Amino acid sequence: MFKKIAQFFDKLEDRVRARLSHRSILYALIGGTCTVLFWRGIWHSADILMVRGGFWGDFFYEPTSIIWTSVILLMTGLFVSNFIGERIVISGLKREKKVTDKTELEVQEEEIRIKRLEDKMDTLLKEILTIKDDLAKK
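Throughout, the working numbering is defined as the position within the sequence shown, counted from one, plus 82.
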């Protein structure tokens, strides 16, 4: 049952992303609004639990929560990616445009180049395996 629900939402997500990717401002407004409201819900839930006192009060006390969340974010590798984003770091190192600054045509051209490289790698692998087989027969 859970698998069917997950598959449904996975397919729905693919369709929605495909449509919204052509309307980046609308996509940003929807995504930004929902993200803020999601974190607002988390924030207020933490406040409610903190007011109750006891373990949850200590757990969600602001200085304590900064420490444990920072440790978890650093341990999982999400600290940098949440605050900067891996693509921004990589594009800065390569001195290339951010994905959001690229046109759809540039993204498609890049995908074609990557596909060609993958095809060349597959061809090379086949050739290497053929040579290996020939050497093994001798």
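Every residue, glycine too, gets a C-beta built ideally from N, C-alpha and C.
The model shown is predicted, which means the values in this text are computed figures rather than measured ones.
Cutting at 8 Å between CB atoms, please list the residues of its own chain near Ser147, excluding the five before and the five after it.
Working through the sequence shown from its first residue, we reach residue 147 at position 65. Cβ neighbours of Ser147 beyond the five flanking positions: Ala128, Phe141.
Please name the residue, chosen from Thr117, Leu131, His104, that lies closest to Asn164 on a Cα-to-Cα basis.
Here residue 164 corresponds to residue number 82 of the sequence shown, with the count starting at 1. Nearest Cα to Asn164 within the set Thr117, Leu131, His104: Thr117.
Determine the DSSP secondary structure at Lys85, reduced to helix, strand or coil.
If you number the sequence shown from 1, residue 85 lands on position 3. Of the three classes helix, strand and coil, the one that applies to Lys85 here is helix, per DSSP.
Taking the alpha helix (DSSP H) that His126 belongs to, which residues open and close that run?
In the sequence shown, the residue the question calls residue 126 occupies position 44. If you look at His126, you'll find it in the alpha helix (DSSP H) that goes 106 to 134.
Extent of the continuous alpha helix (DSSP H) run through Ser147:
Stepping through the sequence shown from its first residue, residue 147 is reached at position 65. That run of the alpha helix (DSSP H) goes 144 to 158.
Start and end of the alpha helix (DSSP H) containing Thr185?
Along the sequence shown, read from residue 1 onward, the residue named residue 185 stands at position 103. No alpha helix (DSSP H) holds Thr185; DSSP gives it neither H nor E.
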